[in-house]
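**Student:** These protein sequence lines are chains E and S, in that order. Quick note on the numbering used here: the first sequence kicks off at 9 and runs consecutively. Quick note on the numbering used here: the second sequence kicks off at 2 and runs consecutively. I am attaching a structure below and will ask some questions about it afterwards.
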Amino acid sequence: MNVLHFFRSIVRTLSRNKVRAMLMMAGVTIGIASLTILTSIGESTRRETMKRFKNMLGTFDTVIIRPGSSKNRGMVSLTNVEPSLKFDDATAIATQVPEIRQLAQVQNALDIDVRYRDRSGTPAIFGVSSNWLELRGDEVAEAEFFSEDDVRSLARVAILGADAQKHLFPDEDSIGKTIRIGDVPFIVRGVMVARGAGPAGGSLDNLIFIPVTTASKRLFNRDFLTMLIAQLKDPDQGQLAIEHIQTLLRARHHLAPGALDDFNVTNPRAVMAQVTTTGTTIRKLLLIVAILATGIGGIVIMSVTLIGVSERRKEIGVRRAVGASRNAILAQFLLEAVLLSLAGGIVGIALGIGGTQVVSRLQRLPFLLQPEAVLAATLLSIGLGLLFGVYPAWRAAMTNPIDALRD
Amino acid sequence: MIRIENISRTYSRDGVPVTALREATFNIDAGDLVVIRGVSGSGKSTLLNILGCLDSPSSGTYLLDGADVSHKSDAELSRIRSQKIGFIFQSFNLLPRTTAIENVELPMIYADREISRSRAAAMLARVGLAHRERHFATELSGGEQQRVAIARALINDPALILADEPTGNLDESAGAGVMGLLHDLNDEGRTIVLVTHDDAVASHARRVLMIRDGVLRESEVKA
């Protein structure tokens, strides 16, 4: 058999039956397009969620200890936590739990008025220890963060988040200026680099950092902490660290066996894994719909090819008479189905890429095109053609040429 | 060139065995023009299909060019059809949505040989249709369609041409043109087996095989 010419004659056959060809392609096109959009958007959603978590947490190699038995949803602050987590607890964890590299202390509050001259706002106030930058991986955009000495001496120094800086100092340099947090004057020591959006999409930059000791003794007059962030030596030892912290804190808080913890410890990695896999029920449903559409596309190919086989009995008979073997007929019909399915798939991929761009723009997600997804869609459409083309092609090959020519 | 010995063909129709061809024996020499006659259902199509290697005999031996082709596989029979046999049908059987020259090229696809458009064009010119290369079957008259079919039958240079009622769907003048073409081919030395009802067509043949109820007998041999 002359393969090249065989191939060309098939392309010619398809191109001269355009309506049939387009009908056969349509199902695969729709299916592959929706699959392409869903996988691309799904993946960029996952990456964006991960990025926002990273924006909020800085690193994933931490466990977070918060007061209170219930797992508080949303931002903790001095007004909504139990006073169960003390500075001594922080020191104990940092020195006695072997999995911990270092520990940041946090005492934060919301709804505190901050003023500079006639401008005011209510950024979140974070009293933190001086290792915050190192632990979080955050960076200072201007001047510097406060030091361990500042923490020890209860210095009234403030580091502004990018949004807080913009709000309070729209037109002027903030470094060295005096702002009032509550009624206490602080000197602006530095400005943070912007972190971007958090998991819920809100700003993570409308905040002010001050030394945790200053917050506790000069601003809020509270001796308990709202959060401890413990950095692990080995990110995989989160669970072990959590168990050790629980044992240590229960002993320090004199909790009777069976009593509930008056603190809770979470592992952001586990939480993020949960967040990025849950919330995808709709995605799964859409995926099933897309797979169904693709399958229906395959069935359309099969039925239209089957109709074609009975319409083209005479052609099959003639081809057999002039020398086509059963295998040649099988190859012809199979190749027709595969080429149509592939063409449908390619159009589907193109539409899918266009659709992904539209959806990413609407959802404000970065446009992400995965080469593996394109390759998979291509292979899938070839596979569909083979799967749903083989039965009609077999029927065509088994057509008795004598009967076919007599019709 | 063709040696048929005691060939029978039995079908099973609704579970009942039906003998379409009974113990036929005859020879066809290279260069012969043989006419097969018989009423419909007499078994002449069965014989033609066996001669054309579209069907295999239930028993007996069919030697084509000295080779036994009685019981070959589908692939082997297809190869023989492509190399040695050209079919011409009553209803022309050109492929729809396919131009005249593409129809003529069709058998070359299934033969292990180079596709030669110039060869196909020469063959169309040979049957007097050089000006119709790019026309689709539906744009051609019956006589023209049958000429395209003859060009298609000839393209792989077969030794044997099998024509089943080639003038049955044509008016008198187109039929005469087609018969003239077949006679020319016969004069060039091609072996032709022709099934026909037409007395006028049959009268030109040197040999006529009559078939009735599956039984074959030699009717006449002209000098």
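Just so it is clear, CB atoms sit at the ideal spot from N, CA and C, and this is done for glycine as well. Just so we're clear, the structure is a prediction, and the values are computed from it rather than from any experiment.
Residue 64 (chain S) to residue 333 (chain E), Cα distance in whole Å?
**Tutor:** Cα to Cα, the separation comes out at about 21 Å.
**Student:** Between the region 354-371 of chain E and the region 323-331 of chain E, can you find at least three pairs of beta-carbon atoms closer than 8 Å?
**Tutor:** These segments do not touch.
**Student:** I'd like the list of long-range same chain contacts for residue 213 (chain S), defined as Cβ closer than 7 Å, with 5 residues on each side in sequence excluded.
**Tutor:** Counting only Cβ-Cβ distances below 7 Å, and skipping sequence neighbours, we find 39 and 43.
**Student:** Taking 7 Å as the threshold (beta carbon to beta carbon), is residue 7 (chain S) in contact with chain E?
**Tutor:** It does not: the Cβ of residue 7 (chain S) has no partner Cβ on chain E nearer than 7 Å.
**Student:** Quick check: what's the CA-CA separation for residue 224 (chain S) versus residue 11 (chain E)?
**Tutor:** In this predicted model, residue 224 (chain S) has a pLDDT of only 49, less than 50, meaning its place in the structure is not dependable; the value taken from the coordinates is given anyway. Rounded to whole angstroms, residue 224 (chain S) to residue 11 (chain E) spans 48 Å at the Cα level.
**Student:** Please name the residues in the region 17-35 of chain S whose beta-carbon is closer than 9 Å to at least one beta-carbon of chain E, in chain order.
**Tutor:** Cβ contacts with chain E come from no residue of the region 17-35 of chain S.
**Student:** Kindly indicate if chain E contains any beta-carbon less than 7 Å away from that of residue 76 (chain S).
**Tutor:** By this cut-off, residue 76 (chain S) is an interface position.
**Student:** What is the DSSP secondary structure of residue 28 (chain E), reduced to helix, strand or coil?
**Tutor:** Here residue 28 (chain E) sits in helix by DSSP.
**Student:** Buried or exposed for residue 85 (chain S), going by 16 or more other Cβ atoms inside 10 Å?
**Tutor:** Residue 85 (chain S) comes out buried.
**Student:** Would you say residue 93 (chain S) faces chain E, with C-beta separation under 7 Å as the test?
**Tutor:** Output row for residue 93 (chain S): interface = no.
**Student:** Going by DSSP in three states, residue 224 (chain S) sits in which element: helix, strand or coil?
**Tutor:** Confidence in residue 224 (chain S) is poor, its pLDDT being 49 and thus under 50, which makes the residue's placement unreliable; the coordinate value appears in the next sentence. In this structure, residue 224 (chain S) counts as coil in the three-state DSSP scheme.
**Student:** Can you check whether the C-beta of residue 331 (chain E) is within less than 7 Å of a C-beta belonging to chain S?
**Tutor:** It does; some Cβ of chain S falls within 7 Å.
**Student:** Quick check on the DSSP output: the beta strand (DSSP E) that includes residue 6 (chain S) runs from which residue to which?
**Tutor:** Element bounds for residue 6 (chain S): 3-14.
**Student:** Taking residue 323 (chain E) as the query, report the chain S residues whose CB atoms sit under 8 Å from its CB, ordered along the chain.
**Tutor:** Those within 8 Å of residue 323 (chain E) in chain S are 96 and 97.
**Student:** Which runs of the alpha helix (DSSP H) fall wholly inside the region 139-183 of chain E and span at least 4 residues, in chain order?
**Tutor:** As far as the region 139-183 of chain E is concerned, its whole alpha helix (DSSP H) runs of at least 4 residues are 140-144, 156-160 and 170-176.
**Student:** Give the secondary structure of residue 228 (chain E) by DSSP, where H, G and I count as helix, E and B as strand, and everything else as coil.
**Tutor:** Correct three-state label for residue 228 (chain E): coil.
**Student:** If you compare alpha carbons, which of E:18, E:315, E:372 and E:231 is closest to residue 404 (chain E)?
**Tutor:** Nearest of E:18, E:315, E:372 and E:231 to residue 404 (chain E), Cα basis: E:315.
**Student:** Counting only the same chain and skipping the five closest in sequence on each side, list residues whose C-beta sits under 6 Å from that of residue 75 (chain E).
**Tutor:** Excluding sequence neighbours, residue 75 (chain E) sits near 89, 90, 92, 93 and 271.
**Student:** Contact check, residue 168 (chain E) vs residue 199 (chain E) under 8 Å by CB: the rounded distance?
**Tutor:** The pair is a contact, with the Cβ atoms about 5 Å apart (cut-off 8 Å).
**Student:** Quick one: complete alpha helix (DSSP H) runs, 4+ long, within the region 239-320 of chain E?
**Tutor:** For the region 239-320 of chain E, whole alpha helix (DSSP H) runs of length 4 or above, ordered along the chain, are 246-260, 276-285 and 289-319.
**Student:** As a quick exercise: from E:28, E:57 and E:385, pick the residue whose alpha carbon is nearest that of residue 210 (chain E).
**Tutor:** Residue E:57 is the option with its Cα nearest to residue 210 (chain E).
**Student:** Name the chain S residues whose beta carbon is nearer than 7 Å to that of residue 410 (chain E)?
**Tutor:** In chain order: 50, 55 and 56.
**Student:** Pairs of beta-carbons, one from the region 33-48 of chain E and one from the region 305-314 of chain E, closer than 8 Å: are there three or more?
**Tutor:** Yes, the region 33-48 of chain E touches the region 305-314 of chain E.
**Student:** On the CB-based measure, 16 or more other CB atoms within 10 Å of its CB, does residue 7 (chain S) come out buried or exposed?
**Tutor:** Exposed: under 16 other Cβ atoms inside 10 Å.
**Student:** Check whether the Cβ atoms of residue 193 (chain S) and residue 156 (chain S) lie closer than 7 Å to each other.
**Tutor:** Taking 7 Å as the Cβ cut-off, residue 193 (chain S) and residue 156 (chain S) do not qualify as a contacting pair.
**Student:** Name the residues in the region 397-409 of chain E whose C-beta lies less than 8 Å from a C-beta of chain S; which are they?
**Tutor:** Under the 8 Å Cβ criterion, the region 397-409 of chain E contributes 409.
**Student:** Could you name the residues of the region 339-370 of chain E whose beta carbon sits closer than 9 Å to any beta carbon of chain S, in the order they occur along the chain?
**Tutor:** Correct list: empty, as no residue qualifies.
**Student:** For the region 110-135 of chain S, which residues have a CB atom closer than 8 Å to at least one CB atom of chain E, in sequence order?
**Tutor:** Listed by position along the chain: 110, 111, 112, 113, 114, 115 and 116.
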